[in-house]
Every structure is written in C-alpha cells, then in structure tokens.
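S.K.:
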Amino acid sequence: MFETGVSAFKVALVGNPNVGKSVIFGLLTGKYVTVSNYPGTTVEVSKGICKGLDGRIEIVDTPGANSLIPLSEDELVARDMLLEDYEKRVIQVVDAKNLRRGLLITTQLAEMGLPVILTLNMWDELLDRGMNIDVHALQETLNIPIIKTIATHRVGINALLSSISSTGVPNLHIDYGNAIEEGILKVQKILNGDTAVNTRSLAIMLLSGDEALEEKLRDKLPSGSLDECHRIRDNIQKQFSNPLSYVINIKRANFVNALVERVCTTVSKEGKTHPFIRGVLFYFLVPLAAFFIGYKLATLSMSLISSRLQPESFMNFIIPIAVGGVTSIWFSLYLYLREYKERSTISEILGRITMHPVAAFPILITILWIVYKLVGEFGAGTCVDFFENKVFGSSLTPSGGFDIYISIPFIKKIYNITHVNFQGFNYYCGLLAQKIISKDSIVFELFLNEQSGLIQVGLTYAIAIVFPIVGFFFLAFGIMEDSGYLPRLAVMVDKVFKRIGLNGKAVLPMVLGLGCDTMATLTTRILNTKKERIIATLLLALAIPCSAQLGVISGVLGKISGIYFAIYVFVIGTQLLFVGYLSSKVLPGTPSDFLMEIPPFRMPKLSNIFIKTFYRVHWFLKEAVPLFMLGTLALFVATKLGVLSLIERIGAPVTKNFLGLPVETTHGFILGFLRRDYGAVSIFKVLEEKGGDKGINPEQLLVSLVVITLFIPCLANFLVMIKEQGAKNAFLMFAFILPYSILIGGILRVILQQF
Amino acid sequence: MTEPGLEEILELIWTMKEESDTVEKDVLIKRMKPPAKESMLKTLTQDGYVKITDTKVEFTNKGMADARLIIRRHRLAERLLNDVLEVKEDTMDSSACEFEHFLDEEVTTSICTLLGHPVSCPHGKAIPPGECCEKANKEIRPVVMPLTELRSGDRAKISYIVTRYHERLDRLSSMGLLPGVQIRLHQRQPTYVIQMGETQIALDTAIARDIYVRLV
Chain A
1 MFETGVSAFK
11 VALVGNPNVG
21 KSVIFGLLTG
31 KYVTVSNYPG
41 TTVEVSKGIC
51 KGLDGRIEIV
61 DTPGANSLIP
71 LSEDELVARD
81 MLLEDYEKRV
91 IQVVDAKNLR
101 RGLLITTQLA
111 EMGLPVILTL
121 NMWDELLDRG
131 MNIDVHALQE
141 TLNIPIIKTI
151 ATHRVGINAL
161 LSSISSTGVP
171 NLHIDYGNAI
181 EEGILKVQKI
191 LNGDTAVNTR
201 SLAIMLLSGD
211 EALEEKLRDK
221 LPSGSLDECH
231 RIRDNIQKQF
241 SNPLSYVINI
251 KRANFVNALV
261 ERVCTTVSKE
271 GKTHPFIRGV
281 LFYFLVPLAA
291 FFIGYKLATL
301 SMSLISSRLQ
311 PESFMNFIIP
321 IAVGGVTSIW
331 FSLYLYLREY
341 KERSTISEIL
351 GRITMHPVAA
361 FPILITILWI
371 VYKLVGEFGA
381 GTCVDFFENK
391 VFGSSLTPSG
401 GFDIYISIPF
411 IKKIYNITHV
421 NFQGFNYYCG
431 LLAQKIISKD
441 SIVFELFLNE
451 QSGLIQVGLT
461 YAIAIVFPIV
471 GFFFLAFGIM
481 EDSGYLPRLA
491 VMVDKVFKRI
501 GLNGKAVLPM
511 VLGLGCDTMA
521 TLTTRILNTK
531 KERIIATLLL
541 ALAIPCSAQL
551 GVISGVLGKI
561 SGIYFAIYVF
571 VIGTQLLFVG
581 YLSSKVLPGT
591 PSDFLMEIPP
601 FRMPKLSNIF
611 IKTFYRVHWF
621 LKEAVPLFML
631 GTLALFVATK
641 LGVLSLIERI
651 GAPVTKNFLG
661 LPVETTHGFI
671 LGFLRRDYGA
681 VSIFKVLEEK
691 GGDKGINPEQ
701 LLVSLVVITL
711 FIPCLANFLV
721 MIKEQGAKNA
731 FLMFAFILPY
741 SILIGGILRV
751 ILQQF
Chain B
756 MTEPGLEEIL
766 ELIWTMKEES
776 DTVEKDVLIK
786 RMKPPAKESM
796 LKTLTQDGYV
806 KITDTKVEFT
816 NKGMADARLI
826 IRRHRLAERL
836 LNDVLEVKED
846 TMDSSACEFE
856 HFLDEEVTTS
866 ICTLLGHPVS
876 CPHGKAIPPG
886 ECCEKANKEI
896 RPVVMPLTEL
906 RSGDRAKISY
916 IVTRYHERLD
926 RLSSMGLLPG
936 VQIRLHQRQP
946 TYVIQMGETQ
956 IALDTAIARD
966 IYVRLV
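Those sequence lines, one after another, are chains A and B.
My numbering applies: residue 1 is where the first sequence begins, and numbers increase by one.
My numbering applies: residue 756 is where the second sequence begins, and numbers increase by one.
(1) In whole angstroms, what is the alpha-carbon distance linking V625 of chain A and T574 of chain A?
(2) At the level of alpha carbons, what is the spacing between L755 of chain A and T299 of chain A?
(3) Tell me which residue opens and which closes the alpha helix (DSSP H) that N657 of chain A is part of.
(4) Tell me which residues of the stretch 808 to 832 of chain B have at least one Cβ-Cβ distance to chain A shorter than 7 Å, keeping chain order.
(5) Looking at chain A, which residues of the stretch 933 to 958 of chain B have a Cβ within less than 7 Å of any of its Cβ atoms?
(6) To the nearest angstrom, report how far apart I59 of chain A and K148 of chain A are at their CA atoms.
(7) Between the stretch 914 to 929 of chain B and chain A, which residues of the former have a C-beta closer than 9 Å to a C-beta of the latter?
(8) Only counting runs of 4 or more residues, tell me where the alpha helix (DSSP H) segments fall wholly within the stretch 846 to 908 of chain B, in order along the chain.
(9) Taking buried to mean at least 16 other C-beta atoms within 10 Å of its own C-beta, is R262 of chain A buried or exposed?
(10) Cβ closer than 8 Å: which chain A residues qualify as neighbours of A961 of chain B?
(11) Please say whether L226 of chain A and E211 of chain A have beta carbons closer to each other than 7 Å?
(12) In whole angstroms, give me the CA-to-CA distance for G745 of chain A and P698 of chain A.
(13) Do we get a CB-CB distance below 7 Å when we pair L114 of chain A with the residues of chain B?
(14) Whole-angstrom Cβ separation of I248 of chain A and L207 of chain A, contact assumed at under 8 Å?
(15) Do G177 of chain A and I236 of chain A have their beta-carbon atoms positioned less than 7 Å apart in this structure?
(16) List the residues of chain C whose Cβ lies closer than 7 Å to the Cβ of G931 of chain B, in chain order.
(17) Where does the unbroken beta strand (DSSP E) through A65 of chain A begin, and where does it stop?
(18) For R616 of chain A, is the beta carbon positioned less than 6 Å from some heavy atom of the ligand COA?
(19) My output table needs one value for I764 of chain B: the three-state DSSP class, helix, strand or coil.
(20) Would you kindly work out how many angstroms separate the C-alpha atoms of C264 of chain A and D134 of chain A, rounded to a whole number?
(21) Measuring alpha carbon to alpha carbon, tell me which residue in B:T810, B:L796, B:P789 and B:T864 is nearest L835 of chain B.
(22) To be precise: take each residue of the stretch 236 to 251 of chain A, compare its Cβ to all Cβ atoms of chain B, and keep it if any distance is under 7 Å. Which residues remain?
(23) Skipping 5 residues on each side, what residues in its chain have a beta carbon closer than 8 Å to that of T613 of chain A?
(24) Within 8 Å, do at least three Cβ pairs link the stretch 790 to 799 of chain B to the stretch 763 to 774 of chain B?
(25) So what does E58 of chain A bridge to, in DSSP terms?
(26) Under the three-state reduction of DSSP, which class applies to T354 of chain A: helix, strand or coil?
(27) Who does K88 of chain A pair with in a DSSP beta bridge?
(28) Can you tell me whether DSSP reads N16 of chain A as helix, strand or coil?
(29) Under the assumption that A832 of chain B contacts F857 of chain B (Cβ atoms under 8 Å), give the Cβ distance between them as a whole number of angstroms.
(30) Unbroken beta strand (DSSP E) runs of length 3 or more, entirely within the stretch 378 to 432 of chain A: which are they?
(31) Which of the residues in the stretch 44 to 70 of chain A, read from start to end, lie with their CB under 8 Å from any CB of chain B?
(32) Would T810 of chain B pass as a contact of K780 of chain B if the rule is Cβ separation under 7 Å?
(33) Give the straight-line distance between the Cα atoms of D95 of chain A and R910 of chain B, rounded to the nearest whole angstrom.
(34) Please report the straight-line C-alpha distance between I365 of chain A and F570 of chain A, rounded to a whole angstrom.
(35) Looking only at C-alpha atoms, which of A:V169, A:F444, A:S301 and A:C516 sits nearest to I563 of chain A?
(36) Are the CB atoms of Y38 of chain A and P599 of chain A within a distance shorter than 7 Å?
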C-alpha cells in the first residue's frame, strides 16, 4: 500500500506496554487502532500516513516492549521493526509516572543510534500522584526534544508533530566496564559491514544472548563468525557470576536510576477525591452495591436448584435478603477499615478490591451476570427477536408490525406510543420478487427460500442474529478492557491456568476469544513460550465459544431451563481444563513465569468504547456476511444437487446412532465450519421443527450444542491458526478436535440417559 | 586487642571452659598452638584479661567479653564458609581462624544477619548471640528473606535475585525489578502483587521465592 520510496522517512512509535502508543498513533494518522487499558493490546505493526505535515511521513505503531532484547513474540515484532533497513526516527512514548522504566528503553535506542523524540505521556496521572519531572534538565542531559502529552485528551499532540523534524540521537553513553566493553569492540569487528544499525548496539544484544538476532544475522555474516561471538561471550561470562545480560541490565539500570534521581521529584501525596464523593462511596454506593452482589449470588444459586424449591415460599424471599445484608456489612466494614483512613482514591480502591482474594470472586460473578443480561438476554433475546422477526421477517408471511412503547420498570406499566405497520424487509422483497417471477421458480428460491435463501437465511442470520449479539458483547468487553479489569482477572485465575500449562496472562486471549476466536488466536502472541501458544490456540479452537455462538446458545438454552445452561457451562469448562491439563503433560517445553504488569483502574472513556465497538463490529460483519452468504449458497446448491442428503446419509451413523440426533442436524455441523454460530442456529431450527408441538427435546439440544461448541473452529479462525502455528500444527489440532468433540457428545448423551 | 596470638589463647580458654568448667593451666599450655606462646599468658594476666589462681585459669569480666566476641566471629565465619561458600571442612577451620582476626563489628553483624542469626556453628557449638540477634529475636524475622516471607503492606528493598533460570532474570530486569529497587507487597493471594514505583506487577510464587528482599 505504501511504497517506501515515497515517504522521506518512517517514524516508529516505541515504548513500554500500555503507555498509549496506539492513542498517539490514532491522533497522528487519523486511523483507528484498538486502544485498551491493558498491556498487549497491540500485537501487530500498524502503519499510517501522518496528517498535518508536509510530505508523506509514515507512522508505524509497534507492540509494547520492556526491552529491545525480545522475550516474547510481540516484543520481537517491535524490535525487528527497528532493525529494518531504512531511514527512521522514533517517537518513544513513556508513561511519565514510570520514567525509570521508559528510560531503560531510551538507553537502548541511543545505543542503536536512532533519532528519538521522548514523549512523556499521561502527564496528568503524574501530577495526580504528586510527582514532577524537571523536563528542562532532562532535555539538557539527553539533548533531544521532550514533549509532555496527555494523549487521551489530545494535549501536546501539536507540539509533538512540530518536533518530528528536530529529533536527535539521545546523548547517553553507558560504560559497561572494561571486560564487557572489550568484548563489545571485538564483536563489533566481526559485525563490520552490516551498517543498517549501529554495530555497538548489535554487539550488546549478541553479548546479552539475543537468539532471535543471531537467526537474523546467520545468513548475512560469514560462517563461523557467530561461533566466534559465542566464544567472546563465554570468555567474558567467566568473569561474572551472573548471566551477562543481567550484568548489562544492571549497569543500564544504575545509569538510569542516577538520571531519574536528578530530574524526578515527589512531593507528599494527598487524597485527591472530594470528601463528599468519598462519603457517598463509602456510606452509600459500597453498601448498596455489596447488597446487590450478595442478593444476586443468592438468587442465582437458588435458581439452579429452583425445581426443588417451593414457589412463593417465605424462604425464597428471606434468604437472598439475608445474604445481601451479610455481604453488604462485610464489604463495607472491610473497605472502611482498610481504605478509608488510607485516603486512597476511588480508582485505587476499585483496583485493589477487584483483585482481592475473597472479595474479587463475587464481583466477578456479578460482572459475568451483568454481561449475560446485556448480551445473552437483551442482545441475543430481545434485540435478535426484534430484528429477526420484525425488521427482517419472512418472505411469505407478513410479520404484523410492532409497537413503539415506553416500559416503566417496577410498576410494570407500558405506554404505547405508536404502532409501526412494517411487515418485514424480507416480506417486501418477496412481494417485489413475486411481481416478476413465481415464488416456485429457482431464482426466487435462491434468494428467498425459507430454508436456504441467500437473503431470507444468509443475510438475515448475519445481520439480525449476529449483529446485536456481537455488538453488545464488544460493548461490554470494551468497558472491561478500558477500565483495566481484564489484567486483574489474570491475577485471579493464574493458579488454575498453571494446571493447564498456561499462566494468568493467557486469560487475555481466552476472554477475547469469547468475543471472537479469530482475533484471540492472534493475541496468543503475548504468551511467552511456544508451548503456551499452542495450548492457548488449541483451547480457543476447542472450548471457547465466540460471542455470536455463545449468544445463540445461551439464548436457546435459557429459553428451556437455566439448569441446562449450567450443565452446558460445566461440560465445556471441564473440557477446557481436561484438554488443557492433558496437553500440558503431553507437549514438550517448560511452563513460563507469570510476570505481568497490572495497569491502574481507569474510568473508561465512552467515546473510545463506542469507536472500538464500531470498528470491531464493522470488522466482524465484513468477515461474517460474505461467509454466511457463501455458506447459504453452498447449502442451497447442495440441497438442490442432493449432495446434502448424501452427506446426511454418510453422517447418519454418527449423528443418529452415536449422538442420538435427527440426521438433518448433520448439515448444521457442516455449516459450523463456516461459522459456528450459524451451525448452532441451524441445528436449533432443525430440533425445533422435529420437536413440533411437544417442543424441543432439551437433551438433544444440549448434546448438539456441546458438540457444535467443541467442534472444529470456523474457517476464518482456522486460516489464522495456519498463519500463526503453521499448517502442520493447525491440521493436527483439526484432526484431534473433530473426533474428540463427537466423542464427548456421545458420552454426554449416555450420561444424560441415565437420569 | 590486636595480637592474633593473644586472641587465640582467649579463644582456647573459652573452648576449654565449654568442655569442662575449670581450665588447668598446664593443659592450656599443652594445647596452645603457634603463634600463641606460654609467655603471652603472662601478658594477658598483666593486661587484666585473665586471673591465674594456683593451677587454674579464670576470665576477668573484660576478658570474658572479648573472648565472647572472638568466638562469635570465629563461629559465624565457619557458618559463612560452610553454608554459603561451601568450603571443605579442613580449609574451613583454618580460614575461620584467619577471619576472626579481621572482622570488625559491623561486618560481623552483617554476616550474622545474612545467615539469619544462627545459634550454633557447623560443629554444633553455641554461637554467643550479639546485639543484632537479640533485636532479631524480638522481630523474629531475618532481615534478608524471600519475597514470599513478606506480609502484605510491607515495604522492602530488593537485595538480590537468585534464580536458575536465565530468562527469568532477563524478564525481571527488563521490567526494572533489580537489586536496590524499593517495592511494596500489595497482596499474597491469589498471586503475589507488588508495587514498584507507580507500576503494579503480578508475579507467581516461583518468581517471588527467587527475589530476596530486606525490610525498610
């Protein structure tokens, strides 16, 4: 898209994770890239052309890195960008309140000989914490432009733009001590010739044992020179008890510490929150929210055993209130004793309590419940119903129109405003089409057939069913991302994830997978080892239903009984743990450390959440609609040619005898490969039809939904798996998942028959 | 007291007093090794370290206090050589004899703290407690300890990081978790969360065990 020759130079945004590189990228280029409040949002390089400057200057956003000697895939992406062979400048984004960690990278950029602008972002948070940085002194020492910014409020961006032309190489020189300096010189001599990047920095990276760099250099250098480097390194290593990379890092850190001490000042911190707001929080909001949490937990657990309870009994009423009261008192007392006197700010308190070993779990369940209400009930229930039956409707029968009304909660009064006499998009299409052709002709059937028409089924499913569910999921997910809640989940699940060969960090791709497995498979890059990435990819493909699928499933199971949804969650959950546990035993490799930065709790910015949701839904529809149409077309052709009944016959022994499902569900499973939610919907329709007046058979439904959830991933996800893990691994996973999902379905059927 | 020979004699008297309550002058002289000489016993008497009554040798208060410090240094040195430096036993004995003469009070306290205020030497003999031991006894906790020993809310400084895994060291140091950095333990469960400057970092038990800190 962009020829390198056109722009004079490229500008790379580099910095620690979660410092706001992507926000600044968006402001400089006008292009949106996903922005969230957790480290690892960006895992790929994005490029855009800088607005507001003469000439075409290409801006490149990179994944966050703590060190330019990469320790994970996303850090590698960032570092490789900087090693590429063209003229570039760097905007280094630093979290102003964590200047020390930022400068650790600045020293490495200086060694690479790159021109740098230092951006001290989140300047407001620095001031909130009673800290200050003597920018003038820092500028004088480093001799490069230093800009204070608050990127989320667009403060300082113009200054940043105008200083792009006046970058300079930071004036930093670290003396690593005689032994290492001598080694650096020796390695530099070997590297002689490769001038793309300063050889001193390459030499330091090689001495630090940078394997990825060695791979890159292997072809460029004469054979044997890498071995020579190893010899030099081993010789120096003999003089130190600690690994050389650690010695180098310590030298660097000491240098930076001295610098930070000179420019950074902290005055005693005062509580910033207004006393009134604190009062409201401690005496009103916390007790109320805690009561709600307790009340909800009690009703939720009671609804699971609802069949054993007598309706309208006094206990039904008193237990939730009692539990709510106890929770309320406990939470309030705890917070009051611990936090009130400490003068912590509200975001600090929220940040702490959402990781608290006990308090965090009821909060988690409540959040899940709210998300379920929003996505599962409102999105997948009310909205889907409205879109599917009223807006789209059926091609042959009018939908009957709908009312616009205002419903007032608690008193249950409904005020009708007006009745809209709209009979459904598909109905009008059908009427229009029938003016030209008969409704029995093949063309009419191709587009508007009730079972497999491109518009009646393909378009309607994609927009009416998927759109509201995915939209609401990403809305909820965006709030969790931007507040900083997701990384706190990692703290809570680390111990469990350790058992399945992962660590807490893996919760990020897993939860993202509940939105879209395809996106999530890309995010597995933030994991440290190959083994973890394979396990996470496998589990995403196997046991994590995407939002569209989960929405459909929770919708249809919720209609039948809460207990079936609970069984569904239990079965899928145990499969996740079981397969994870097995693969952690089978796959070679060591478990990696859980070491993760927890960002501060922040008030989400609504505008960012809406923009983010918009872009994600947009992406999703672009991906989903063509596949839905393609799937429907394939289905239509297969029906007409009789291939479908052939496949059904072949699959019959499995579906009918082993899983105990009607043979027609086979094509649902086939469609599942195109989109899993599509498969789930189509199975549901088949079972509904088969059930007739007696209603759907809940056991069949449960078995089929478990199988379709575990079933092979959708096409898009599979393609990303091939891209990330290679065709061999992707096909191996495929070959495991296919029979395994059916096996579990069969076992579940047998177990269900016992009751 | 600076002369090694004199110190050796005081040490010997202490050791013999541990074995049996009374110290016979003849036995003492027989067990002396160079650089300790018989004549030095006279110097000790003149300087007021020991009293000689008939055939028995007794400490004065001043002599007792000095001998106690020498023994303490010797046995702490043995512990250090044995536990930390893993020196072989015969070398340990001779090196410990050298050590005891040049360790000053401050270094002795540091070693004692580092070793967690040990109560006995590798041979099983008692190490006379110093001031630092009594202080530690009140606090119960050693000064340098793994991060896992901290209580939530404690502030500490990282003393050193000991790990078998090279990559772990790289990861910690690239995050800025290095010796000398001040941290605060935020919580222990479900995983360790520490605050370093304005950064909050979650880490698991395996890493926390490798980070040794000193309370501040």
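A virtual CB, placed ideally from N, CA and C, is assigned to each residue, including glycine.
M.R.: Per the coordinate set shown:
(1) It is roughly 33 Å from the alpha-carbon of V625 of chain A to the alpha-carbon of T574 of chain A.
(2) The displayed chain sequence assigns Phe, not Leu, to residue 755 of chain A. So the alpha carbons of these two residues sit roughly 26 Å apart.
(3) Where N657 of chain A is concerned, there is no enclosing alpha helix (DSSP H), given that its DSSP letter is neither H nor E.
(4) Within the stretch 808 to 832 of chain B, no residue qualifies.
(5) Of all residues in the stretch 933 to 958 of chain B, the ones placed with a Cβ closer than 7 Å to any Cβ belonging to chain A are L933, Q942, Q944, P945, T946, V948, G952, E953, T954, Q955, I956, A957 and L958, in chain order.
(6) Distance between the alpha carbons of I59 of chain A and K148 of chain A: 19 Å.
(7) Flagged, chain order: I916, Y920, H921, E922, R923, L924, D925, R926, L927, S928 and S929.
(8) You should have 860 to 869 and 886 to 894.
(9) Flag for R262 of chain A reads exposed.
(10) For A961 of chain B, the C-beta contacts it makes with chain A under 8 Å involve D593, in order along the chain.
(11) The Cβ atoms of E211 of chain A and L226 of chain A do not sit closer than 7 Å to each other.
(12) Each residue's CA atom was taken as its position, placing G745 of chain A and P698 of chain A some 14 Å apart.
(13) Taking 7 Å as the threshold, the shortest C-beta distance from L114 of chain A to chain B does not fall below it.
(14) Sure, about 7 Å apart at Cβ, within 8 Å.
(15) Contact: no.
(16) Among the protein chains in the structure shown, which are A and B, there is no chain C.
(17) For A65 of chain A, there is no enclosing beta strand (DSSP E), as DSSP marks it with neither H nor E.
(18) As for the ligand COA, it is missing from this structure, which has no ligand bound.
(19) Helix at I764 of chain B.
(20) Taking the straight line joining both Cα atoms gives about 6 Å.
(21) Considering only alpha carbons, the answer is B:T864.
(22) Residues of the stretch 236 to 251 of chain A that bring their beta carbon within less than 7 Å of a beta carbon in chain B comprise P243, S245, Y246, N249 and I250, in sequence order.
(23) Closer than 8 Å at the Cβ level, and outside the excluded window around T613 of chain A, lie G471, F474, L475 and G478.
(24) Touching, yes, given that three or more Cβ pairs across the two stretches are closer than 8 Å.
(25) According to DSSP, which records beta bridges pairwise, E58 of chain A is partnered with A:K10 and A:I49.
(26) The answer is coil: DSSP assigns T354 of chain A none of H, G, I, E or B.
(27) Here K88 of chain A is bridged, per DSSP, to A:K10.
(28) Here N16 of chain A sits in coil by DSSP.
(29) By a beta-carbon distance limit of 8 Å, A832 of chain B does not contact F857 of chain B. Their separation comes to about 10 Å.
(30) Secondary structure remark: continuous beta strand (DSSP E) runs of at least 3 residues inside the stretch 378 to 432 of chain A, in chain order: 402 to 408 and 413 to 420.
(31) Of all residues in the stretch 44 to 70 of chain A, N66, S67 and I69 have a Cβ within less than 8 Å of some Cβ in chain B.
(32) In this structure, K780 of chain B lies closer than 7 Å to T810 of chain B by Cβ.
(33) Their backbone Cα atoms lie some 23 Å apart in a straight line.
(34) In this structure, the straight-line span from the alpha carbon of I365 of chain A to that of F570 of chain A is close to 15 Å.
(35) Nearest to I563 of chain A by C-alpha distance, out of A:V169, A:F444, A:S301 and A:C516, is A:S301.
(36) A contact, by the Cβ cut-off of 7 Å.
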